[in-house]
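For reference, the structure discussed in these notes is given below.
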Amino acid sequence: MSTSEPPTWPHCAHGADPAADLVGCRGIHVPGHTACLAHLADADRDAYLAGLTPGASIDHRGTTFPESLLNALLNALRDPATGNARFGAAKFELATFEGNAGFGSATFGDNAWFGSAIFEGGAVFGSAIFEGGAVFGSAIFEGGAWFGSAIFEGNAWFGSATFERNAGFGSATFERNAWFGSATFKGDAVFESATFKDTAWFESATFKNDAGFGSAIFEGKAWFGSATFKGKAWFGSATFKDYAMFRSVTFEGGAWFGSVTFEGDAVFGSATFEGDAGFGSVTFEGDAGFGSVTFEGDAVFESATFGGNAWFGSATFKDYALFGSVTFEGDALFGSVTFEGDAVFGSATFVEADQFGPLVCAGRIVLSGAVFGGPVTLLFAARRLECRRTRWSSTAEIRLRYATVDFAQAVFEYPLTIAAEPDPFVLTDGRQLAEDPCPSAPDPGVRVASLRGVDAAHLVLSDLDLSGCLFAGTVHLDQLRLEGACTFDTAPPAVHWRRWPPVRFTARRVLAEEHHWRASQPGAVRGWA
Numbered sequence: 029m030s031t032s033e034p035p036t037w038p039h040c041a042h043g044a045d046p047a048a049d050l051v052g053c054r055g056i057h058v059p060g061h062t063a064c065l066a067h068l069a070d071a072d073r074d075a076y077l078a079g080l081t082p083g084a085s086i087d088h089r090g091t092t093f094p095e096s097l098l099n100a101l102l103n104a105l106r107d108p109a110t111g112n113a114r115f116g117a118a119k120f121e122l123a124t125f126e127g128n129a130g131f132g133s134a135t136f137g138d139n140a141w142f143g144s145a146i147f148e149g150g151a152v153f154g155s156a157i158f159e160g161g162a163v164f165g166s167a168i169f170e171g172g173a174w175f176g177s178a179i180f181e182g183n184a185w186f187g188s189a190t191f192e193r194n195a196g197f198g199s200a201t202f203e204r205n206a207w208f209g210s211a212t213f214k215g216d217a218v219f220e221s222a223t224f225k226d227t228a229w230f231e232s233a234t235f236k237n238d239a240g241f242g243s244a245i246f247e248g249k250a251w252f253g254s255a256t257f258k259g260k261a262w263f264g265s266a267t268f269k270d271y272a273m274f275r276s277v278t279f280e281g282g283a284w285f286g287s288v289t290f291e292g293d294a295v296f297g298s299a300t301f302e303g304d305a306g307f308g309s310v311t312f313e314g315d316a317g318f319g320s321v322t323f324e325g326d327a328v329f330e331s332a333t334f335g336g337n338a339w340f341g342s343a344t345f346k347d348y349a350l351f352g353s354v355t356f357e358g359d360a361l362f363g364s365v366t367f368e369g370d371a372v373f374g375s376a377t378f379v380e381a382d383q384f385g386p387l388v389c390a391g392r393i394v395l396s397g398a399v400f401g402g403p404v405t406l407l408f409a410a411r412r413l414e415c416r417r418t419r420w421s422s423t424a425e426i427r428l429r430y431a432t433v434d435f436a437q438a439v440f441e442y443p444l445t446i447a448a449e450p451d452p453f454v455l456t457d458g459r460q461l462a463e464d465p466c467p468s469a470p471d472p473g474v475r476v477a478s479l480r481g482v483d484a485a486h487l488v489l490s491d492l493d494l495s496g497c498l499f500a501g502t503v504h505l506d507q508l509r510l511e512g513a514c515t516f517d518t519a520p521p522a523v524h525w526r527r528w529p530p531v532r533f534t535a536r537r538v539l540a541e542e543h544h545w546r547a548s549q550p551g552a553v554r555g556w557a
């Protein structure tokens, strides 16, 4: 409402000035009078307050309350049985509370309207009970706002509210819908241990400082779409029993979801994590959607469990990505993902994922100790792939570009193929996988660094560079299948005049171990490395 427009109710008009303020005081008339409660004559105010009883409905829209006047109103409504104020319907829209507004443990037996109210001091509703709807839409809290342990039995509306300082809702209970859409929290927002029994709406909310939702319980749907967290966002140990929506959210500080349980689907599609993102020990019982997400800091999913499908398609990890000891019980969908740093999946378990990739990694992909339970195809364009002690319990095909691979002590229980892919991977929509983060070398060839300790009976190698591959401890080498243009190192060429008679090596293919052994011998000729 514009300050130049009168309110829709009969108003006090105290202080109106034809030259400066045509409206004057906007407080609604006290019943039977032509002034608001603040500008009523003392005797009339005392008489009005004396006539109130606990549970009475009151209407003081637009009224300005000095702290003493609000206390007088609360005392008039105080229930002697509990010592707390008890309201029926309470209308405080556009009211201004000049000092601390100490509603404390008040009970609102009907709807409570505080829409567009201004709280210039602290707003204290700790342990308040709202039996009807609670409307604080577009309210301005200039001091701290405390709703810790408050109970909202009806809908709670804080849409477009502004909290200039800290807002405390820790241990509050919202039994119906809780609306905080487009609200602005300029101080800390504390919802730790709060319980949302119905839908919780935080869409397009702005958290300019830290936001704490640790141990909160969301029994209904939780909507945070397009919200902005400028400080740290803490959701550790929270429980989401239904759908959790974080689509297009921006986390400018760190975001911690450690030990959170998502019992329904969790959607983070197109979200941006500008700081570190912690999802360690998170449980996703439904599908988890991280499609097109950007992680600018470290992304930590260590020991997380994905009970449904895990969607990371087209996500970008600009720093370290840790998925150590993660369990993927459904599909692990990483198509068109870009890792600009290392991607660590050490000791991860892929129960039934049938395809991993195609993806791009400018650093290392670490699958050491990982377990693949079903038939799977891995498609990587990466600088290095480490699969030490990795176990494949079914058939597998690994198609690579650019990579140097280490398969020491890996276990292949069924046929496994490692092959170099000559052309860029093709996505399901027909586009080629962009390889911008990969090395700019023109050769996308694949080099094997080690097959030590491997049982090669089920192993097929295709179009690989084996010149530096270590085979010590590899068994069943006679059953190893080489396809395409697999290359080995060669003996040093030409004649070597180390001493008389000169030494000449026959042109032949040799293993890397022979190079290492001959180079370590006294008087070794040049060419052995």
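Here my numbering is used: the first residue of the sequence shown is 29, the next is one more, and so on. Note that beta-carbon positions come from the ideal geometry of N, C-alpha and C, so glycine has one too.
- Looking at the DSSP output, Trp262 bridges to Gly240 and Trp284.
- Within the model, the alpha-carbon separation for Val476 versus Cys389 is close to 17 Å.
- Secondary structure at Glu414: strand, using DSSP grouped into helix, strand and coil.
- Per DSSP, the continuous beta strand (DSSP E) segment holding Glu511 begins and ends at Arg509 to Glu511.
- Per DSSP, reduced to three states, the secondary structure at Leu77 is helical.
- In the three-state reduction of the DSSP assignment, His39 falls in the strand class.
- If you ignore the 5 residues before and after Leu350, its C-beta comes within less than 6 Å of the C-beta of Val328, Glu330 and Val372, all in its own chain and listed in chain order.
- Partner residues in the beta bridge of Phe334, as assigned by DSSP, are Phe312 and Phe356.
- Counting only unbroken stretches of 4 or more residues, the alpha helix (DSSP H) elements lying wholly within the stretch 47-102 are 70-78, in sequence order.
- In this structure, Ala398 lies away from Arg411, with their beta-carbon atoms at least 8 Å apart.
- Looking from the CA of Glu463, the closest CA among Thr456, Pro472 and Thr92 belongs to Pro472.
- Under the three-state reduction of DSSP, Ala134 is assigned to coil, being neither helix nor strand.
- In this structure, the beta-carbon distance from Gly259 to Phe235 falls below 8 Å.
- Its chain contains Phe296, Ala299 and Ala343 as the residues whose beta carbon lies nearer than 6 Å to that of Val321, once the 5 sequence neighbours on both sides are disregarded; these appear in chain order.
- Looking at the backbone, the Cα of Glu324 and that of Phe340 are separated by about 15 Å.
- Put simply, the backbone Cα of Gly161 is about 30 Å away from that of Ser32.
- Per DSSP, Asp434 is one residue of the beta strand (DSSP E) stretching across Thr432 to Asp434.
- Contact check for Phe384 against Ala360 passes: the beta carbons are separated by less than 8 Å.
- Setting aside the 5 residues that flank it on each side, Leu80 is surrounded in the same chain by Ala104 and Leu105, each with a C-beta closer than 7 Å to its C-beta; the list follows chain order.
- If the five residues before and after Glu159 are omitted, its C-beta is found closer than 8 Å to the C-beta atoms of Thr135, Phe136, Gly137, Asp138, Glu181 and Gly182, all from its own chain and listed in chain order.
- Ala195 is not a Cβ neighbour of Phe224, given a cutoff of 8 Å.
- With contacts defined as CB atoms closer than 8 Å, Phe345 and Phe362 fail to qualify as a contacting pair.
- Around the Cβ of Pro386, a 10 Å sphere holds 16 or more other Cβ atoms; the residue is buried.
- Between the stretch 117-128 and the stretch 71-78 there are fewer than three inter-stretch CB-CB distances shorter than 8 Å, so the stretches are not counted as touching.
- Beyond the five residues adjoining it in sequence on each side, Asp347 comes within less than 6 Å, by CB distance, of Gly325, Asp326 and Gly369 in the same chain, given in chain order.
- Around the beta carbon of Ala500, fewer than 16 other beta carbons lie within 10 angstroms, which makes this residue exposed.
- With fewer than 16 other CB atoms across the displayed protein chains lying within 10 angstroms of its CB, Gly111 is exposed.
- For Asp471, the secondary structure class from DSSP, reduced to helix, strand or coil, is coil.
- In the displayed model, Leu444 falls within a strand according to three-state DSSP.
- The criterion of a C-beta distance shorter than 8 Å is not satisfied by Gly171 and Arg204.
- When the five nearest sequence neighbours on each side are left out, the beta carbons in the same chain lying within less than 7 Å of the beta carbon of Val454 are those of Gln460, in order along the chain.
- Judged by DSSP in its simplified three-state form, Ala462 adopts coil rather than helix or strand.
- About 6 Å separates the Cβ atoms of Glu449 and Leu428, confirming a contact at the 8 Å cut-off.
- The stretch 372-382 makes no contact with the stretch 440-448; the number of CB pairs closer than 8 Å stays below 3.
- 8 Å or more divides the Cβ of Phe175 from the Cβ of Phe147.
- If you compare the alpha carbons of Trp37, Gly253, Glu220 and Phe257 with that of Gly240, the shortest gap goes to Glu220.
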